Amino acid sequence: MRVSEYYRLGKRQSELDFVDVDIVNDVRLYVDPRAIAQLSGPWADSCASAIQSFFQRVLDAITDGDNDLALSLLSNLREPNETHLGLSRGPSNGSGVGNELARDFWQALSSSKAVRTGLIQDLEDTALLIEGVDRDRISDITTNIIRRQLISYTQETSEYHNIPLAEGVASGPLWNSNKGEWYEEYTSLPNPNGAKLILIPKEIVRRKLHMNSNDYYRHQVLNFLVAQEYAAGSLVKLVRGRPTVTKKDVDAKYKEQFGVGRDNPGVEKRINSAVSADNPDMLPSYKEQKAANPSRILENEEIAEVVGGDLSEAEDLLARVIEVEPGSRQADLYERRIQDLFTAIFYPHLVHPKRQHPLHDGRKRLDLTYTNAARHGFFQWLSMHYPSANIMIECKNYNRPIDNPALDQIQGRFSPSRGIVGLLVYRGYTDKEKIWRSCLDTAHDHRGYIIPLDDDDLKALVQELSAPPSGEAFGYLHQLFNRLTHN
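Just so you know, numbering that gives the first Met the number 0 puts 167 at position 168 of the sequence shown, and the rest follows in order with no gaps.
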């Protein structure tokens with residue numbers, strides 16, 4: 000039974016920002032530290048900083064010969080069964096790094112030439128060079144290190160979806176980046192069937208790591224070895240009359256040299272480690288290539304294929320927005336349904352909706368900020384030309400004309416670091432041209448760019464999804480944005 004089913008959220012995976020996992024069994028998705036590093040925003044930055052600070056602390060302890068400290072740091076990495084991600088079959092039982100596994104991991108690190116020479120600098124490097132460390136182990140380690148940030152995310156998400164939180168739940172080890180040490184506390188978390196649950200943002204999970212040992216071996220190390228063998232004149236044979244060294248022959252030679260077999264499965268990592276240590280520019284070059292080509296965020300369809308369940312139709316979500324009666328009494332419902340629609344249609348271009356709850360005249364108002372993670376289309380173009388790390392959303396379910404203070408609210412949230420682009424979503428009870436004139440004035444005065452969207456614009460957005468006229472993702476929004484900049 001998935002989270003959405005257990006708590007009767009009435010939502011499908013495409014409407015949810017978190018992975019809708021089974022609350023008993025694990026699903027085969029993994030937290031990738033590289034996926035976190037390529038995101039922007041305070042939450043992702045905090046996660047990336049925690050990962051870097053922890054692993055550097057471990058490396059420093061090992062290189063300083065402080066084995067007790069290294070083991071102490073690693074022993075706090077426990078099995079994060081509360082996320083229900085990983086390889087376990089049946090009830091969650093993660094591999095983790097706690098207990099005796101901490102010693103195994105420490106021994107692998109401390110005996111690694113790549114560690115001693117400073118070649119290994121980031122947690123994900125270990126998946127390339129250290130035997131026994133792969134996507135499941137990296138995911139578990141990462142989850143432990145960012146547990147504090149994930150708990151905060153879970154609490155915020157649970158509040159929005161009205162998921163009950165149990166008080167006095169043991170947090171598990173939490174990493175303090177400033178002090179470089181672990182601590183624990185009691186906190187509040189969902190507790191389905193008496194077992195604590197931590198939710199995972201879907202934009203940080205992958206089916207495999209962006210940097211993985213086989214990819215590194217096949218596309219970096221093996222290519223180098225082929226060139227080396229060719230230069231040495233060994234393993235050269237004629238193929239269609241041309242002297243050639245094949246990857247197949249080089250692969251067989253080095254796997255035999257480094258020991259391959261059912262009882263000795265880590266041969267590629269041993270080759271990776273040896274060749275990388277002798278050629279210290281190889282790993283940094285590979286990492287630069289991977290950084291220049293960030294990992295693709297999984298589509299809703301791909302996640303649903305793993306966790307199960309159906310996806311929402313954008314047309315149905317739009318209909319739910321339009322059926323909301325305009326006016327202040329239905330303002331919260333309107334805002335929630337806008338979030339359902341935008342989370343479904345903008346993902347994976349816009350991710351990690353951040354909700355704010357300021358009070359106005361005693362009424363809770365939901366504002367949204369999405370992280371711009373686009374790799375193509377309008378939102379990527381936007382990120383390349385204007386400060387738009389985040390896209391601000393203001394929802395107005397007014398049954399009367401929109402006044403200037405409503406525009407000032409979204410404009411007041413702009414900044415060069417957060418972003419200067421937002422969407423004002425409103426109903427049709429106003430002079431559309433007047434709204435546009437106000438938004439044009441804001442743009443011309445260099446106070447930011449506000450794209451106004453009424454019900455008809457939302458319809459055009461949804462209709463465009465099936466067949467973008469320009470071939471560009473969200474080309475309709477691009478047309479509207481051009482109106483702000485070309486007038």
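Glycine is no exception: its CB is placed at the ideal position from the N, C-alpha and C atoms. As the structure is a prediction and not an experimental result, all values here were calculated from the model.
* **Neighbourhood of C438 by C-beta, 6 Å cutoff - its chain only, sequence neighbours within 5 removed** => By one-based count along the sequence shown, residue 438 stands at place 439. Closer than 6 Å at the Cβ level, and outside the excluded window around C438, lie I449, P451.
* For the candidate residues D124, M383, V204, whose alpha-carbon lies nearest to that of N299? -> What you label residue 299 is simply residue 300 of the sequence shown in a count that begins at 1. The shortest C-alpha separation from N299 is found at V204.
* Inspect the CB distances between the segment 246–257 and the segment 297–313 and report whether three or more fall short of 8 Å. => no
* Asked: For T484, does the count of other Cβ atoms within 10 angstroms reach 16, so buried, or fall short, so exposed?
  -> Reading the sequence shown from its first residue, position 485 is the one you call residue 484. T484 comes out exposed.
* To do: For P163, count neighbouring Cβ atoms within 10 angstroms of its own Cβ and tell me buried if that reaches 16, exposed if not.
  => Residue 163 sits at position 164 when you count from the first residue of the sequence shown. By the 10 Å Cβ count, P163 comes out exposed.
* Do the segment 187–204 and the segment 168–179 touch if we need at least three Cβ pairs shorter than 8 Å? -> yes
* State yes or no: is the beta carbon of D103 nearer than 7 Å to at least one beta carbon in chain B? => No chain B is present in this structure, which holds just one protein chain.
* Asked: Contact check, G418 vs I390 under 8 Å by CB: the rounded distance?
  -> As a first step, residue 418 must be located in the sequence shown, where it is residue number 419. As a first step, residue 390 must be located in the sequence shown, where it is residue number 391. With a Cβ gap of about 6 Å, G418 and I390 count as contacting.
* Asked: Under 7 Å between the Cβ atoms of P352 and D16?
  -> Locating residue 352 in the sequence shown gives position 353, where the first residue counts as 1. Locating residue 16 in the sequence shown gives position 17, where the first residue counts as 1. Contact flag set, yes.
* Under the rule that 16 or more other beta-carbon atoms within 10 Å means buried, what is E81, buried or exposed? -> Here residue 81 refers to the residue found at position 82 of the sequence shown. The residue is buried, with at least 16 neighbouring Cβ atoms inside 10 Å.
* **Inter-stretch contact (C-beta, 8 Å, three-pair minimum) for the segment 142–154 and the segment 213–220** => no
* What is the residue span of the alpha helix (DSSP H) that V249 lies within? -> One-based indexing of the sequence shown puts residue 249 at position 250. Note, V249: alpha helix (DSSP H), 246–257.
* To do: Using only alpha-carbon positions, find the residue among Q148, D309, R27 that is nearest to P41.
  => Locating residue 41 in the sequence shown gives position 42, where the first residue counts as 1. Nearest option by C-alpha distance: Q148.
* Reducing DSSP to helix, strand and coil, say where R241 ends up. => Residue mapping note: residue 241 aligns to position 242 of the sequence shown, counting from 1. Strand at R241.
* Asked: Is the beta carbon of N271 less than 7 Å from the beta carbon of V220?
  -> As a first step, residue 271 must be located in the sequence shown, where it is residue number 272. As a first step, residue 220 must be located in the sequence shown, where it is residue number 221. Yes, the pair counts as a contact, with Cβ atoms nearer than the cut-off.
* Under the DSSP definition of a beta bridge, which residues are partnered with Y182? -> As a working mapping, residue 182 is identified with position 183 in the sequence shown. Note: Y182 sits in a beta bridge opposite L173.
* Give me the Cα-Cα distance between V424 and K395, rounded to the nearest whole angstrom. => Residue 424 sits at position 425 when you count from the first residue of the sequence shown. Residue 395 sits at position 396 when you count from the first residue of the sequence shown. In a straight line, the C-alpha of V424 is about 6 Å away from that of K395.
* Asked: At what residue ranges does the segment 332–356 contain a whole run of the alpha helix (DSSP H), taking only runs of 4 or more?
  -> none
* Within this structure, are the beta carbons of S13 and S311 separated by less than 7 Å? -> Taking the sequence shown and counting its residues from 1, the one referred to as residue 13 is at position 14. Taking the sequence shown and counting its residues from 1, the one referred to as residue 311 is at position 312. Result yes, Cβ atoms of S13 and S311 sit closer than 7 Å.
* **Candidates S71, D453, N398: closest to R328 by CA position** => In the sequence shown, counting from the first residue as 1, residue 328 sits at position 329. Checking every option, the nearest Cα to that of R328 belongs to N398.
* Exposure label - K363; buried when at least 16 CB within 10 Å -> If you number the sequence shown from 1, residue 363 lands on position 364. Because K363 carries a pLDDT of 43, less than 50, the predicted location of this residue cannot be relied on, and the following value inherits that uncertainty. So K363 ends up on the exposed side.
* For A113 versus A276, is the C-beta spacing smaller than 7 Å? -> As a position in the sequence shown, residue 113 is number 114, starting the count at 1. As a position in the sequence shown, residue 276 is number 277, starting the count at 1. Contact: yes.
* Option nearest R7 by Cα separation, candidates N161, A107, E304 -> Position 8 of the sequence shown holds residue 7. It is N161.
* Asked: Among residues of its own chain, excluding the 5 on either side of K458, which ones have a beta-carbon nearer than 7 Å to its beta-carbon?
  -> Position 459 of the sequence shown, counting from 1, holds the residue named residue 458. These residues qualify, in order along the chain: L317.
* **Pairwise C-alpha distance: S45 and Q338** => Against the sequence shown, residue 338 aligns to sequence position 339. Against the sequence shown, residue 45 aligns to sequence position 46. Near 25 Å, if we compare the C-alpha coordinates of S45 and Q338.
* Cβ-heavy atom distance between F341 and the ligand FAD below 6 Å? -> Among the components of this structure there are no ligands whatsoever, and the ligand FAD is therefore not found.
* Asked: Are there three or more Cβ pairs, one per stretch, closer than 8 Å when the segment 26–43 is compared with the segment 56–74?
  -> no
* Asked: Three-state secondary structure (DSSP) at P163?
  -> The residue you call residue 163 lines up with position 164 of the sequence shown. Three-state DSSP puts P163 in coil, outside helix and strand.
* To do: Helix, strand or coil for E393, going by three-state DSSP, please let me know.
  => Within the sequence shown, numbered from 1, the residue matching residue 393 stands at position 394. Strand at E393.
* Distance, Cα to Cα, A36 vs D121? -> Taking the first residue of the sequence shown as 1, we reach residue 36 at position 37. Taking the first residue of the sequence shown as 1, we reach residue 121 at position 122. Distance between the alpha carbons of A36 and D121: 11 Å.
* To do: Would you kindly check if the distance between the Cβ of T429 and the Cβ of P404 is under 7 Å?
  => Within the sequence shown, numbered from 1, the residue matching residue 404 stands at position 405. Within the sequence shown, numbered from 1, the residue matching residue 429 stands at position 430. The answer is no: Cβ separation not under 7 Å.
* Y369, DSSP secondary structure in three states -> Here residue 369 is taken as the residue at index 370 of the sequence shown, counted from 1. Y369: strand per DSSP, three-state reduction.
* **G361, buried or exposed, once every other Cβ within 10 Å from all chains shown has been counted against 16** => As a first step, residue 361 is located in the sequence shown; it is residue number 362 there, counting from the start. In this prediction, G361 has a pLDDT of 40, which is less than 50 and means its spatial position is unreliable; nothing more can be read from the coordinates.
* How is F17 classed by DSSP in three states: helix, strand or coil? -> Mapped onto the sequence shown, residue 17 falls at position 18. Three-state DSSP puts F17 in a strand.
* To do: Let me know if H209 comes out buried or exposed under the rule of 16 or more other beta-carbons within 10 Å of its beta-carbon.
  => For the purposes of this step, residue 209 is identified with residue 210 of the sequence shown, where counting begins at 1. The residue in question, H209, is buried, as its Cβ has 16 or more Cβ neighbours within 10 Å.
* Asked: The beta strand (DSSP E) with P451 in it runs from where to where?
  -> What you label residue 451 is simply residue 452 of the sequence shown in a count that begins at 1. Element bounds for P451: 448–452.
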